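In our numbering, the protein residues as written are 1368 to 1719.
Okay, structure first, notes after.
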Amino acid sequence: MWPVYHTREAMDSSRPTEFPRTMTANQSPTPAGPPPFLTLAPLQGVTEVLFRNIFARHFPGFDAAMAPFVKPQGQARFPDKLLRDILPELNGGLPLIPQLLHNDAANFLAVADRIADLGYHEINWNLGCPAPMIVRKQRGSGLLPHPELVLALLDAVVPRLRLGLSIKTRLGLHDKGELPALLPRLDAYPLTEIIIHARLGSQLYEGRPDLDGFAACLPLTRHRLAYNGDIVDVAGFVALQQRFPQIDRWMIGRGALADPFLPAALKGMARPGQAERTRRIRIFHDELYAAYRERLAGPSHLLGRMKQLWAYLIASFPGREKLLKKITKAMSEDQYRQVVEQLWEGRESARG
Ligand SMILES: Cc1cc2nc3c(=O)[nH]c(=O)nc-3n(C[C@H](O)[C@H](O)[C@H](O)COP(=O)(O)O)c2cc1C
């Protein structure tokens, strides 16, 4: 079980939610058909530009990445540095789809125009974020009970948009009837894709994805659908492929942070043994750590970032999960390095 934080606020202030995870090595995805198209999910506070670039250099398998939503939402005019995460010159790795969380057409268009000026061809609209503060402002999954607001934004934005538009959403905020009610009405718009995280917003990250709920969406749209939610191992993925043969695009977040070799395994690539996995994760980790160290202001930011990653990555070290607590407690770079060293060396704990 790993702790999962849905926002930095949640990480700081409340209990983590739990995410079930089982490691299954040596299973192959079904060989039939073309390889699945895999997109790295956006995780605000984790999968920003440095992470995306370094991850893609070390771990093959993803075909594209979606950037966490651009902040802030309110202003049409804000300094270019706020678009830093998606600047093409910094994003040398996977093809990138920027994401907006706006609920206001004028601001949406203003930011989308700047993204188009950067050379992008597609953006994503986030209709799934479940964070209470966002939901309260009728953004993210907070828009799902209000289909008229969703359609009003699309009516205002789509005719003037210079980019392709996809939507990332959930089955609803409180009720899994919400997305099925909206989907047929989205047929009127030229969307490139709808990615469905098969949970309700009110669930945050708890419980299992609702596969029946996802299945119910399939006949309700002419748009291409992609599946997202709890893809954590090859066996589970194969089961999803078998249940949804019409789906060939998949988005994976926490499963790939927990097991960076998962995307490649889903493409049928051989999975290295534990020693080799540890060696390669270490090289990745050290590069990421050095890049954050140079980029972030001070050790607390650096350690905060690394701790958030370890909440997932610790699953790559079966039997050593209790070291996560020590990582989380590390107050200095020295303490942090000492704990992480134990993982590389395969030791449990030198002094208990
Ligand atoms: C810490 C965290 C931050 C997230 N940030 C975003 C975000 O910026 N935009 C978004 O569309 N989804 C965001 N998500 C949701 C993920 O993209 C994804 O939909 C969700 O984690 C389910 O997929 P998974 O089980 O493969 O991780 C976030 C999830 C987490 C845990």
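Note that the Cβ used here is the ideal one computed from N, Cα and C, for glycine as well.
All values derive from a computational prediction rather than experimental measurement.
When Cβ pairs closer than 8 Å are counted between the two stretches, the stretch 1504-1521 is seen not to touch the stretch 1582-1600, the count staying below three. Sequence-distant partners of Val1524 (beyond 5 residues in either direction) whose C-beta falls short of 7 Å from its own C-beta, in its chain, are Ala1472, Phe1475 and Leu1476. Following the DSSP letters along the chain, one finds Gly1580 inside the alpha helix (DSSP H) bounded by residues Leu1578 to Cys1584.
Considered as a whole, the stretch 1516-1600 harbours 1531-1539, 1558-1567 and 1592-1595 as its complete beta strand (DSSP E) runs of no fewer than 3 residues, in chain order. Between Ile1562 and Lys1535 a beta carbon distance of about 4 Å is seen, short of the 8 Å cut, so the two are scored as contacting.
Within the stretch 1422-1456, the beta strand (DSSP E) runs of at least 3 residues that lie entirely inside it are, in chain order, 1431-1436. Annotated three-state conformation of Asn1491 is strand, per DSSP.
Taking the C-beta atoms as reference points, Gly1620 is found nearer than 8 Å to Ala1408. Annotated three-state conformation of Phe1418 is helix, per DSSP.
Closer than 7 Å to some heavy atom of ligand 1: that describes the Cβ of Phe1436. Three or more Cβ pairs closer than 8 Å define a contact, and the stretch 1657-1677 meets that threshold against the stretch 1688-1702. For Phe1475, the secondary structure class from DSSP, reduced to helix, strand or coil, is helix. Per DSSP, the unbroken beta strand (DSSP E) holding Arg1616 starts and ends at Arg1616 to Ile1619.
Annotation for Gln1466: the continuous beta strand (DSSP E) segment containing it runs Leu1463 to Leu1467. Taking 7 Å as the cut-off, one finds no heavy atom of ligand 1 near enough to the beta carbon of Asp1452. Taking all protein chains in view, the Cβ of His1488 is surrounded by fewer than 16 other Cβ atoms within 10 Å, so the residue is classified as exposed. Exclusion of the five residues before and after Ile1681 leaves Glu1688 and Leu1691 as the residues of its chain whose Cβ lies within less than 6 Å of its Cβ. Taking the Cα positions, Leu1655 is about 25 Å away from Phe1404. Nearest to Arg1424 by C-alpha distance, out of Glu1661, Ile1648 and Trp1711, is Ile1648. Take the alpha-carbon of Ala1498 and the one of Leu1571: they are about 8 Å apart.
DSSP places Phe1404 in the uninterrupted beta strand (DSSP E) bounded by Phe1404 to Leu1407.
The same chain holds no residue with a CB closer than 6 Å to that of Phe1611 once the five nearest residues on each side in sequence are set aside.
When Leu1461, Leu1454 and Ala1483 are compared, the shortest CA-CA separation from Ala1431 is found for Leu1461.
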